[in-house]
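Numbering (this note's numbering), first residue to last: 511 to 819.
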């Protein structure tokens, strides 16, 4: 970056421009037009072609800040412009998403969903999270936060990640080759990993059926990690205790989809991180990355173009 100028192009939901602009200025940069900028904050969630065109037209833009942890719609643009520096929202929303994952896990294991749907007094059922075998897919910020939250529950936690490096709070960490063994008999499985070609459909029927008969699957990552048709079939057969989904495939989940009426399924509409939660967290990330860029320091949430996240 050659100077403290940054263009904040607010193309996302109405109202984002003002608070993101404040964050840019608090970081020490000036808001300018794209033609004058050497940095860009891009907020439109579904216009990769627009971003690609803007970057082609303005080669002076040296780095781009994306606000999301998952950047699937923009992976090809990132790779096409890999000479630029790219940062995303990795880790920004870890705390609220981990909290939501824990809430879904407890609601599922304790049968809160079934009780909430009830119209009369029913027989007690449910199982503990305390001391349970827990498998977390993914080793990023959400997992780091969730491991801390799980501490008081004294769980046997296995983390499955690309690089099997030790993590505080995990009993052991394995790579994907150890996934089947990890899933076998698990009472709780949490998906908190990036969506890539290698992780799409990572939980199919065969792997779902490795989970304990009373085990729950919680997905706070991306819907496409689970083969939806296989999940519907396994739930219908009573093969697992249930699934709690903050993300689905397709998304939004259409009215009348079998998962809406499945008694073993809890669905929240991609609300593990709401706008009220996101604004202060993302604002701080943008402010800090602008400050770091001006100071010549490494940015937070750097994107690996080859990995796609």
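Every residue, glycine too, gets a C-beta built ideally from N, C-alpha and C. In this text the structure is predicted, and so the values were computed from the model without any measurement.
Residues in its own chain within less than 6 Å of residue 524 by CB, not counting five upstream and five downstream? Because the pLDDT of residue 524 is 46, which lies under 50, any placement of that residue in the model is unreliable, and the number read from its coordinates should be weighed accordingly. Cβ neighbours of residue 524 beyond the five flanking positions: none.
State the Cα-Cα distance for the pair residue 813 and residue 598, rounded to the nearest angstrom. 6 Å
Look at the Cβ atom of residue 800, then the Cβ atom of residue 544, and state whether they are nearer than 9 Å. No, the Cβ-Cβ distance between residue 800 and residue 544 is not below 9 Å.
Excluding sequence positions up to five away, which residues of its chain have a Cβ less than 6 Å from the Cβ of residue 537? Hits under 6 Å: 797, 800, 801.
Confirm, please, whether the CB-CB distance from residue 728 to residue 701 is below 9 Å. yes
Closer than 6 Å by C-beta to residue 528: which residues in its own chain qualify, once you throw out the five before and the five after it? Chain order, please. none
Using 9 Å as the threshold, is the C-beta distance between residue 690 and residue 720 below it? yes
Give the DSSP bridge partners of residue 575, in chain order. 551, 597
Residue 753 in three-state terms, based on DSSP: strand
If residue 705 and residue 582 are in contact, beta carbons under 8 Å, what's the gap, nearest whole angstrom? Between residue 705 and residue 582 a beta carbon distance of about 6 Å is seen, short of the 8 Å cut, so the two are scored as contacting.
Going by other Cβ atoms of all chains shown within 10 Å of its Cβ, with 16 needed for buried, is residue 513 buried or exposed? Residue confidence for residue 513 is low, a pLDDT of 48 falling below 50, so the modelled location carries little weight; the figure read from the coordinates is stated next. Exposed, since its Cβ has fewer than 16 Cβ neighbours within 10 Å.
Go through the stretch 702 to 761 residue by residue and report every complete run of the beta strand (DSSP E) that reaches 3 residues or more, in order. 726 to 729, 752 to 755
The stretch 765 to 780 touching the stretch 540 to 558, judged by at least three CB pairs closer than 8 Å: no
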